[in-house]
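Visitor: Chains as they are written, first to last, in our numbering: chain A, 1 to 242; chain B, 243 to 486.
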Amino acid sequence: MTNRIVQESLLSYRALFTWLNPLGYLSSRIVRPIGLAVTFGALSSHYGGSIGATLAGASLLAGAHAVIYGMALSVGNERSFGTFDLWMASPQSKLAAICRRAAPHVVDGFLGGMVTYLSCCALFGILPMPVHLFAGALLLALVSSFGYGLMVSGASMWIKDHFVPPNFAYLTLMVLSGALVGSDRLPEALQPVMAFFPLSDVSDDLLRPDFLADGLGELAVGALWAVAGVLLVLSALRRARQ
Amino acid sequence: MLRTIRRAAFDQARTQLLSPLSLLAALAMPCVFAFVLHSFAPGRTTPDMAVGIAGIGMLNAVIVDLLGAMSKEKVWRTLYPALGSPGGLVPVVLGRLAGIAAQALVSLPGTLLVLVLAWGISPDFDWFRWLAGGLLLAIATTAVVGLLAYFLLRFPSSPGMTNGLTGILIALSALLVPNAALPAVVQPIAWLIPQSHVMAWTRGGDIPQILIALGQVVVFSAVVLASLRRLERIAREQSVPLEY
Numbered sequence: 001m002t003n004r005i006v007q008e009s010l011l012s013y014r015a016l017f018t019w020l021n022p023l024g025y026l027s028s029r030i031v032r033p034i035g036l037a038v039t040f041g042a043l044s045s046h047y048g049g050s051i052g053a054t055l056a057g058a059s060l061l062a063g064a065h066a067v068i069y070g071m072a073l074s075v076g077n078e079r080s081f082g083t084f085d086l087w088m089a090s091p092q093s094k095l096a097a098i099c100r101r102a103a104p105h106v107v108d109g110f111l112g113g114m115v116t117y118l119s120c121c122a123l124f125g126i127l128p129m130p131v132h133l134f135a136g137a138l139l140l141a142l143v144s145s146f147g148y149g150l151m152v153s154g155a156s157m158w159i160k161d162h163f164v165p166p167n168f169a170y171l172t173l174m175v176l177s178g179a180l181v182g183s184d185r186l187p188e189a190l191q192p193v194m195a196f197f198p199l200s201d202v203s204d205d206l207l208r209p210d211f212l213a214d215g216l217g218e219l220a221v222g223a224l225w226a227v228a229g230v231l232l233v234l235s236a237l238r239r240a241r242q
Numbered sequence: 243m244l245r246t247i248r249r250a251a252f253d254q255a256r257t258q259l260l261s262p263l264s265l266l267a268a269l270a271m272p273c274v275f276a277f278v279l280h281s282f283a284p285g286r287t288t289p290d291m292a293v294g295i296a297g298i299g300m301l302n303a304v305i306v307d308l309l310g311a312m313s314k315e316k317v318w319r320t321l322y323p324a325l326g327s328p329g330g331l332v333p334v335v336l337g338r339l340a341g342i343a344a345q346a347l348v349s350l351p352g353t354l355l356v357l358v359l360a361w362g363i364s365p366d367f368d369w370f371r372w373l374a375g376g377l378l379l380a381i382a383t384t385a386v387v388g389l390l391a392y393f394l395l396r397f398p399s400s401p402g403m404t405n406g407l408t409g410i411l412i413a414l415s416a417l418l419v420p421n422a423a424l425p426a427v428v429q430p431i432a433w434l435i436p437q438s439h440v441m442a443w444t445r446g447g448d449i450p451q452i453l454i455a456l457g458q459v460v461v462f463s464a465v466v467l468a469s470l471r472r473l474e475r476i477a478r479e480q481s482v483p484l485e486y
């Protein structure tokens, strides 16, 4: 049983994650997040912000990016390859399939987030938080990103252009996750909204020692988006049957 | 040759000027960066902020449009007829690049409008530096990213392979912060591309900055031209496939 789940996860990763080629992977999952994290770190240092918190936040965002795009591509590419209708008609549980397909991207997100964090720390010559603490924060961020990714996957079942949902979701996270823009620097009207976005609990005051205490809040946010994702997937399936 | 370049530039505008993906790249992503920038730098928009934010849109748009343009030439199967014509392949690609540079200019007024509406404009806004800096940035960005045309035509496309260019070039172009704010290791590399010199001039730099930028644009353009000529030669002499 476990073997079958792992096999299905890896098969979907191989078949549907089109960026799984040396150039595509390096470019999308290593170079891009590092480039962006360097930009945001420099921005923070130039304007007197907390460079450490910005680097850690940008690295969390790199992990979230991998999960969200990976999960969106694992559904959207069914459409690109012309197998979406066949998949929808098959007796396989779509929710279970999306979750299994997400597994390699969560692992990938962890690797990508860690590589981004360590590379940027080396470039800027700082280590804002110990590696094991950052790894804990990244794991929490990836769990909530998985819930958000489930919502993006559900949206990809409705929207034909498979890059629109993950692009929109990622740009929203850049503004509202707190990873780059802290709650104190957000316009007042947007501050209450921020609490409903992944990474917001774990990013808020990331450098304080007990930040992992907010883990439950982060998991709750992930669960909330996962429920939204389940509803989107189920409604897409009902529409497909009709 | 000039007629073909003009025609290819027109084709670029005809097919991609209003493409939703191109407009999204040119306008949506820079607006998010503007939000992040202004969260660190509260206050009204200055010319360097406006040009830097527009530069993010230009960079995104040039990469997306070039990828789209070269893919379309492959799908339309127009590369071999161009190769067989007396003018060859080079004017077609140069025309496309000229069209892409013009198309990327939409970011300049487009992002300024958003910046002005959201954060206002500084009272001593230097319109000349904004306009000249923006125009030069579009040319410099196209000259640097233009190198991609060779790789897109010469090698089979790998999905996702251009994603990293945006990240790395946003940092190296010093679009949001002066070069000196970048990590020490990155600073000398950033000076190798013309965008960082254009941005240095926009931030109040002197004429030599512009001259260096223009010199680098000439060098990058020459490399693009040489690479396309080489591609043309090996496609003819060694039957290197272009449309796959």
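In this text, a Cβ means the ideal position worked out from N, Cα and C, and glycines have one as well.
Excluding five sequence neighbours on each side, which residues of the same chain lie with their C-beta closer than 7 angstroms to the C-beta of Pro166/A?
Guide: As a working note, residue 166/A is residue 166 in the first sequence. These residues qualify, in order along the chain: Ile68, Tyr69, Ala72, Val152.
Visitor: Pair every Cβ in the stretch 103-123 of chain A with every Cβ in the stretch 35-45 of chain A, then say whether three or more of these pairs are closer than 8 angstroms.
Guide: Enough Cβ pairs lie closer than 8 angstroms, so yes.
Visitor: Give me the residue from Ser28/A, Pro91/A, Val106/A with the minimum Cα distance to Ser9/A.
Guide: Counting from 1 along the first sequence, the entry for residue 9/A is found at position 9. Of the listed residues, the one whose Cα sits closest to Ser9/A is Val106/A.
Visitor: Just to confirm the assignment, what range does the alpha helix (DSSP H) spanning Leu40/A have?
Guide: The residue you call residue 40/A lines up with position 40 of the first sequence. Looking at the sequence itself, residue 40/A is Phe, so the reference to Leu does not match. Taken as a continuous stretch (DSSP letters only), the alpha helix (DSSP H) holding Phe40/A covers 32-46.
Visitor: Taking only three categories from DSSP, how would you classify Ile381/B?
Guide: The sequence position of residue 381/B within the second sequence is 139, counting from 1. If DSSP states are grouped into helix, strand and coil, Ile381/B belongs with the helices.
Visitor: Can the beta-carbon of Val75/A be found less than 8 angstroms from the beta-carbon of Ser145/A?
Guide: Counting from one through the first sequence, the residue named residue 75/A turns up at place 75. Counting from one through the first sequence, the residue named residue 145/A turns up at place 145. No; because the gap between Cβ atoms is not below 8 angstroms, this pair is not in contact.
Visitor: When you compare the CB positions of Phe134/A and Pro425/B, do they come within less than 8 angstroms of one another, or not?
Guide: Sequence index remark: in the first sequence, residue 134/A carries index 134 (1-based). Sequence index remark: in the second sequence, residue 425/B carries index 183 (1-based). Not in contact: Phe134/A and Pro425/B (Cβ atoms no closer than 8 angstroms).
Visitor: What is the rounded straight-line gap between the Cα of Ile410/B and the Cα of Thr246/B?
Guide: Within the second sequence, numbered from 1, the residue matching residue 410/B stands at position 168. Within the second sequence, numbered from 1, the residue matching residue 246/B stands at position 4. Computed Cα separation, rounded: 33 angstroms.
Visitor: Rounded to the nearest angstrom, what separates Phe367/B and Glu188/A at their Cα positions?
Guide: Against the second sequence, residue 367/B aligns to sequence position 125. Against the first sequence, residue 188/A aligns to sequence position 188. Between Phe367/B and Glu188/A, the C-alpha separation is close to 28 angstroms.
Visitor: Do Pro198/A and Ala137/A have their C-beta atoms closer together than 8 angstroms?
Guide: For this step, residue 198/A is matched to residue 198 along the first sequence. For this step, residue 137/A is matched to residue 137 along the first sequence. Taking 8 angstroms as the Cβ cut-off, Pro198/A and Ala137/A do not qualify as a contacting pair.
Visitor: Against chain A, does Ala423/B count as a neighbour if the rule is that its beta carbon must be under 8 angstroms from one of theirs?
Guide: Numbered from its first residue, the second sequence carries residue 423/B at position 181. Yes, Ala423/B lies at the interface with chain A (some Cβ there is under 8 angstroms from its Cβ).
Visitor: Hey, does Phe134/A have any beta-carbon neighbour from chain B nearer than 8 angstroms?
Guide: To locate residue 134/A, count along the first sequence from 1; it is residue 134. Closer than 8 angstroms: no.
Visitor: On the DSSP letters alone, give me the boundaries of the alpha helix (DSSP H) that His132/A sits inside.
Guide: In the first sequence, the residue the question calls residue 132/A occupies position 132. It spans 131-158 - the alpha helix (DSSP H) in which His132/A sits, taken as one unbroken run.
Visitor: Less than 8 angstroms between C-beta atoms, sequence neighbours within five positions excluded: which residues of the same chain meet that for Ile51/A?
Guide: Stepping through the first sequence from its first residue, residue 51/A is reached at position 51. Closer than 8 angstroms at Cβ, skipping near neighbours: Gly41, Ser44, Ser45, Phe124, Ile126, Pro128.
Visitor: If Trp361/B and His280/B are in contact, beta carbons under 8 angstroms, what's the gap, nearest whole angstrom?
Guide: By 1-based counting over the second sequence, the position of residue 361/B is 119. By 1-based counting over the second sequence, the position of residue 280/B is 38. Going by Cβ atoms, the distance from Trp361/B to His280/B rounds to 5 angstroms, so yes, they are a contact pair.
Visitor: Determine contact between the stretch 287-298 of chain B and the stretch 345-355 of chain B, defined as no fewer than three beta-carbon pairs at a distance below 8 angstroms.
Guide: Cβ pair count under 8 angstroms is three or more, so yes.
Visitor: Quick check on Leu301/B - is its C-beta less than 8 angstroms from some C-beta in chain A?
Guide: By one-based count along the second sequence, residue 301/B stands at place 59. So, not an interface residue.
Visitor: Quick check on the burial criterion: 16 or more other C-beta atoms within 10 angstroms. Buried or exposed for Ile5/A?
Guide: Within the first sequence, numbered from 1, the residue matching residue 5/A stands at position 5. Burial call: exposed.
Visitor: Given this structure, state the Cα-to-Cα distance separating Tyr392/B from Leu339/B, to the nearest angstrom.
Guide: Residue numbering aside, residue 392/B sits at position 150 when the second sequence is read from its first letter. Residue numbering aside, residue 339/B sits at position 97 when the second sequence is read from its first letter. For Tyr392/B and Leu339/B, the distance between alpha carbons rounds to 12 angstroms.
Visitor: Taking beta-carbon pairs under 7 angstroms, can you tell me which members of the stretch 118-130 of chain A lie near chain B?
Guide: Going along the stretch 118-130 of chain A in chain order, one finds Leu123, Phe124 with a Cβ nearer than 7 angstroms to chain B.
Visitor: With a Cβ-Cβ cutoff of 8 angstroms, do Val230/A and Leu95/A count as a contact?
Guide: Here residue 230/A refers to the residue found at position 230 when the first sequence is read from its first residue. Here residue 95/A refers to the residue found at position 95 when the first sequence is read from its first residue. In this structure, Leu95/A lies closer than 8 angstroms to Val230/A by Cβ.
Visitor: Using a Cβ-Cβ cutoff of less than 6 angstroms, which residues in the same chain neighbour Thr353/B once the five nearest sequence positions on both sides are dropped?
Guide: Here residue 353/B refers to the residue found at position 111 of the second sequence. Cβ within range, chain order: Pro272, Ile295, Ala296, Gly299.
Visitor: Is the CB of Ser45/A under 8 angstroms away from at least one CB in chain B?
Guide: Within the first sequence, residue 45/A is the residue found at index 45, counting from 1. Interface residue, yes.
Visitor: How far does the alpha helix (DSSP H) with Gln258/B in it reach, from first residue to last?
Guide: Counted from its first residue, the second sequence places residue 258/B at position 16. Segment 244-258, the alpha helix (DSSP H) holding Gln258/B.
Visitor: For Thr2/A, which of helix, strand or coil comes out of DSSP?
Guide: The residue given as residue 2/A occupies position 2 in the first sequence. Residue state, collapsed to three classes: helix.
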